[in-house]
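First the structure, in the form of structure tokens, and then the observations on it.
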Amino acid sequence: HERALLNEAAAMATPMPVLDERGTLTYAAADPIGAVVADIARDALTLATSPVLERVRACSGPTCAAWFLDMSRPGTRRWCSMDTCGNQAKKTTWRTRNPSGTTA
Ligand SMILES: [Zn+2]
572 HERALLNEAA AMATPMPVLD ERGTLTYAAA DPIGAVVADI ARDALTLATS PVLERVRACS
632 GPTCAAWFLD MSRPGTRRWC SMDTCGNQAK KTTWRTRNPS GTTA
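Taking the working numbering, I'd label the letters of the sequence shown as residues 572 to 675.
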């Protein structure tokens, strides 16, 4: 059902790029709403059939809701960014292993 709807939407006319006399590029469509829906549907279909979708992950950071694309070779990336969530997780692990907080 959803597939049929997407196919139908994707078949609609997408916005047409129009260059006006001042050199500004705009997008025109006979049915503007339908054109936007068609654009979205085409993107959705491309993404849904793409192998990239298997690499989309949710960040393991406890307070993070980010999604990221795991392009690492083994496909085991856990955080949206090593600089933020990855580092935070490392620090938390370190504190758990060293409850006294002393530096050796
Ligand atoms: Zn994150």
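Glycine residues also receive a C-beta, built at the ideal position from the N, C-alpha and C atoms.
query	result
Kindly indicate the opening and closing residues of the alpha helix (DSSP H) around L624.	Premise fails: L624 is in no alpha helix (DSSP H) and is neither H nor E.
Take the Cβ of A612 as the centre, count every other Cβ of all protein chains shown within 10 Å, and call the residue buried at 16 or more, exposed below.	buried
Kindly identify the DSSP beta-bridge partner or partners of P512.	The structure shown does not extend to residue 512, since the chain spans only 572 to 675, so no value can be given for it.
Looking at P603: is its Cβ nearer than 9 angstroms to the Cβ of P586?	yes
Residues around ligand 1, please: the condition is that the C-beta lies closer than 7 angstroms to some non-hydrogen atom of it.	C630, G632, C635, A637, W650, C651, S652, T655, C656
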